[in-house]
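Student: Chains as they are written, first to last, in the UniProt record's numbering: chain A, 1 to 337; chain B, 1 to 337; chain C, 1 to 337; chain D, 1 to 337.
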């Protein structure tokens, strides 16, 4: 059994992690923490998240002393914290025996200039950044297996890269035309906080972050080619549907695409290569990535859609996948029941 | 033509009033105001309410001077303001030629003890309170016609009283058993503000204000008998469905109920006596009250449901109905197109 | 390990049963069946239910021979079939070693006159009916443990009885006033079929089956007192919220209600006595019943709300609870992870 | 006053037309019709569409005689009928004084080979087809003004062309890269019929008609350049959001795009050039097209989003716009109140 602490357990991702840790056969929940000045400090998690009404876990305010102690006190630490907190706390947390899985954006971009441009503060944890492995579970398994620090991918990049990497990996993309990624996310992606933007009356399908969202450089860094990424806020709670339009190299056939996707995912239990275009509800509350594509061989344009649950594969369950890899368990342990 | 000013035009009711005034053949919009310290002061209404993107109206911060001037400067003033603001401003606003229609709860309850208990502050505007006429348009037409101050009814009371008054009026209720009102409201009922309670992820059908909601004494005051009222927050934007269960006096027949509803509403264009139980969407974005009922003559229990749009008949369009009555126009003018 | 066959696996309840059987540590899925003339016969369940895209199970058309064989071939048979099919097949299915859990309404009402009135066909399986035990897991544990045939309760009765039985059991209800049950169900309650009534555009909160729904006699039979039950169709996919208004005997205190609910449920892991009124989403995709209540000691009226997932505790997971009881496992096995 | 008959008034578009005709100051509703074998024949429209519960109009079954009579009996005929019916009836309907506005796809594509490929039946009404004017109101005003037969544009093409035509018209598009149109439609787009695909439980954001939807050739025909169009079904009732990604010619500036959109739409009251990206709810239940765009001058990629109500600007209100043009009234008459 491995012991796990979760910092930032008051949010949607944190609460999902609590549930996944509890249901995992090899994990035991050591502690759940929130920031020291959180109004939720001291509350039971059941108070905040009605679906966890049967769970007895208190949201302990985190202190410097607790951070230090945790670094040697548990096997794994999940950070479901703001970028700044993850950035600041990583050196202490990763200084002991504990391995750290960070679900914020603090350690995903290796280029600190790009980081500062998109996240609004300078990155000063160069050593942790060098150490961090990008936890896209189906693509970086070897590196994840031996990592001490994992930068769990963002939700949109997980969906987008799952769709695009088989094509890029097999050198099938016509690089004169940028892949166009249109993605729609459920409101949980905005986090648990009071905001007019995410109030029920206001939410209605809408583009945002157009030509400037911080997940764009993340997708580009791990795909290796520039893209046009347009996120949208959708009127649902969980899930992302990414619709990706690409131009493939002249002469590319459907059989080649089929091969590329099969090679990439046939032995990956979390990716389901579907026979029709998936819907959000197919994957909501699950750890799966559902993929389907169609190519017009004449024009060379292909459309791929990827559906994930943003709180699961886009955050919490992908972190568990990484932990499973790090502990040499089957990647779906505790996830596919 | 009558000139109209709207105070509190930044909220959902205020914005609805703007739209109704603009589309009304006899009204002209003189001004739209918000409180002096509102972060929306100076903005265009189009910025806040995308559906009014074609409307050119600025949200002017209201001042004491402006209040005074308005009292003689326009024909009608709509107050879509917090209870406290309506309470404090009413004497000034009603001191001139303007007639005032208040959409807050400040002037609905004549009993100031009950008011203080449910609204949390003492009522000190006794004269305005004495003057105020409860604007339930189908039931208080004569008084509304000659009123200077209208207390526009609450959303839940409008739905509940529309269903119950024909029965009470005809003395059909078995008073040993309280009417049970279960009502579900769309999120607009909570107003336009950032709140975790009304954030998209959190909203899911739930009872609230159980056995203590401030609309209970309002319903009881204008019905004349105690009720059990249980409001719920529903996962939709606009509308209220009130399901009312009553016991009628022994021997009461369906024909008697039919007569009671027909007598009350046959000549009321805003009330639609339906042939089946109405849904929320039948009335959303409309000024209508849709009613249907069924009686079990054996047991004496009857179920009545009333559907309204809470922002319309539950607020803005009922205010326009009152204005129409006060100006001797057909009650549906500018509402049923 | 126990082997399980599911008849009617193409519907929402059937698909949920498939998932629950797969994730249960002591169950193995022996077969999934549909009616012989179903257009889904021969398809994979993954084709019909995207969330089960990773499940390899074929929908076999059921034949008389298969029914007979199944009766001795497996340990448990789940019937997620129309009332008529359950009624007709029960004698054969229950003639062998297999125990049968029927999720239709065919064996819930012991009074065959009432049955015929509400279900529209005469009940001719008197022996099976006599044999059937009503599977309300928290209340009929002893009888369920030794049963061969279980009539799994309806969704509305499960929510309603969970709320009301502690009060009736402790003789707290004022019987001169009928309990009023207002319940709202998600659309899955209507089953998986093409229908204008349940088409996305048409669904909007609405009462139906007023003063005549077939779950009324079921509630009354197992509560022991008449009720007024008004179901509503809500604009969500899963879940039921039942809001129950009762009058308790004069002098009844909140402490007495507290005791009644604690006595009934303190040791029942599937029932969560909440500290605030539950919402649908607290229980969606879970096996839980969430309960909360409030009493006005002055008037003697109390409001209790019960939230369940209609496909789970209202159908599939309650069937699994029964199976757990029948096999002497903890009742939450395979359900609370 | 002009008299109007509506054929196909039982569907969502037909019902919307009824409402728009009733509220139009210059139109009078002469009749509402359904096909002869419709199960709705003889019913009141109020029975089918709860929001029209106050409207007294019967759905008359249409006969050959009625078609002929109508051609000379009214001023305008709206066809909200299946493609086949519009195709077959057009010669008779357009043989008299009545002008015909067809909301089906029967007369939009001038190329009958393409028509047959996408609509599945051969086009045999060459004369009517030659006569028909494509009713994209902001772009074909002159031709519409003198037309006898209008092919009212499809919903997706209306949104897509509104976004793209200013760019194509000003020759700003880099033609080596196809515009990518991702659009999400509310369920009303699928029409009023029982179908598992549009049942409430099944609807969840999903791509469909990928690389083969019949609106693709319509967009291409009236844009003049090939596109990649991917429609999606969204979990909402009304509205379309089209997100269009284009590459503009090297060196194109934001000022040039601004000019293009202003030139096209500054004097068009139905198009609202927004200051931020619009949401579906900004236009639901309205006749407006809301547009906003952003250009990355470095890469030359621009994103434009267009929001419309599919039942209004995507069908019924655009038909009224055409009628207004044909009768020399301001285009927004009866639409913007």
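Think of the CB as a built atom: it goes at the ideal place given N, C-alpha and C, for glycine as much as any other residue.
1) Rounded to whole angstroms, how far is the Cβ of residue 31 of chain C from the Cβ of residue 63 of chain C, which I believe are closer than 8 Å?
2) Go ahead and pull the three-state DSSP assignment for residue 38 of chain A.
3) For residue 256 of chain C and residue 172 of chain C, which I take to be in contact (beta-carbon distance under 8 Å), what is that distance rounded to the nearest angstrom?
4) Which full runs of the alpha helix (DSSP H) of 4+ residues lie inside the segment 138-195 of chain D, going along the chain?
5) Does the segment 294-306 of chain C touch the segment 251-269 of chain C, meaning 3 or more C-beta pairs lie closer than 8 Å?
6) With 16 as the cutoff for other CB atoms within 10 Å, does residue 84 of chain D come out buried or exposed?
7) Under 8 Å between C-beta atoms, does residue 275 of chain D make it to chain A?
8) The beta strand (DSSP E) that contains residue 261 of chain A, what's its start and end?
9) Can you confirm whether residue 252 of chain A, when its beta carbon is compared against all beta carbons of chain D, has any partner nearer than 8 Å?
10) Since residue 278 of chain A meets chain C, which of its residues come closer than 7 Å, beta carbon to beta carbon?
11) Count the other C-beta atoms from every protein chain shown that fall within 10 angstroms of the C-beta of residue 135 of chain C, then say buried if there are 16 or more, exposed otherwise.
12) Enumerate in chain order the residues of its own chain whose CB-to-CB distance from residue 284 of chain A is below 6 Å, with the five nearest sequence positions on each side excluded.
13) Taking 8 Å as the CB-CB cut-off, is residue 59 of chain A touching chain B?
14) Decide yes or no for the touch test of the segment 136-152 of chain B against the segment 179-195 of chain B: beta carbon pairs closer than 8 Å, at least 3 of them.
15) Would you call the CB atoms of residue 159 of chain C and residue 314 of chain C closer than 8 Å?
16) Have a look at the DSSP bridge pairing and note the partners of residue 102 of chain D.
17) Quick check: what's the CA-CA separation for residue 175 of chain B versus residue 268 of chain B?
18) For residue 194 of chain B, which residues in chain A fall below 7 Å Cβ to Cβ?
19) Would residue 12 of chain A pass as an interface residue toward chain B - the criterion being a Cβ-Cβ separation below 8 Å?
20) Could you check whether the Cβ of residue 177 of chain C sits closer than 8 Å to any Cβ belonging to chain B?
21) Using the three-state DSSP reduction, which class does residue 247 of chain A fall into: helix, strand or coil?
22) Verify whether the separation of the beta carbon atoms of residue 223 of chain A and residue 165 of chain A is less than 8 Å.
23) Quick one: list the residues of chain D neighbouring residue 54 of chain B, beta-carbon separation under 8 Å, in chain order.
24) Give the single residue among A/102, A/337, A/243 and A/297 whose Cα lies nearest to the Cα of residue 156 of chain A.
25) Taking Cβ positions only, does residue 188 of chain B come closer than 8 Å to chain A?
26) Mind reading off the beta-carbon distance from residue 76 of chain B to residue 98 of chain B? Whole number of angstroms is fine, and I expect it under 8 Å.
27) Residues of chain C with CB closer than 9 Å to the CB of residue 309 of chain A, please, in chain order.
28) Looking only at its own chain, which residues have a Cβ that is under 8 Å from the Cβ of residue 45 of chain A, when we skip the five neighbours before and after it?
29) At the 8 Å Cβ level, is residue 237 of chain D part of the contact set with chain A, yes or no?
30) Examine chain D for any beta-carbon lying closer than 8 Å to the beta-carbon of residue 203 of chain C, and answer yes or no.
31) Is it true that the CB of residue 199 of chain B sits closer than 8 Å to the CB of residue 231 of chain B?
32) Cutting at 7 Å between CB atoms, please list the residues of its own chain near residue 96 of chain A, excluding the five before and the five after it.
33) Mind listing the chain B neighbours of residue 282 of chain D? Cutoff is C-beta to C-beta under 8 Å, in chain order.
34) Starting from residue 64 of chain D, follow its DSSP beta bridges and name the residues at the other end.
35) Can you list, in chain order, the stretches of the beta strand (DSSP E) that have 3 or more residues and sit fully within the segment 289-334 of chain B?
Tutor: This is what the structure gives:
1) No, residue 31 of chain C and residue 63 of chain C are not in contact; Cβ-Cβ is about 12 Å, not under 8 Å.
2) coil
3) 6 Å
4) 141-145 and 155-169
5) yes
6) exposed
7) no
8) Taken as a continuous stretch (DSSP letters only), residue 261 of chain A belongs to no beta strand (DSSP E), being part of the alpha helix (DSSP H) at 254-265.
9) no
10) 50
11) buried
12) 238, 239 and 309
13) no
14) no
15) yes
16) D/79 and D/151
17) 28 Å
18) 194, 195, 196 and 199
19) yes
20) yes
21) strand
22) yes
23) 269, 272, 288 and 336
24) A/243
25) yes
26) 6 Å
27) Going along chain C, no residue has its Cβ under 9 Å from residue 309 of chain A, so there is no contact; the nearest lies around 11 Å.
28) 9, 10, 15, 18, 32, 52, 55, 57, 58 and 59
29) no
30) yes
31) no
32) 71 and 72
33) 50, 51 and 53
34) Partner(s): none; residue 64 of chain D has no beta bridge.
35) 289-296 and 301-308
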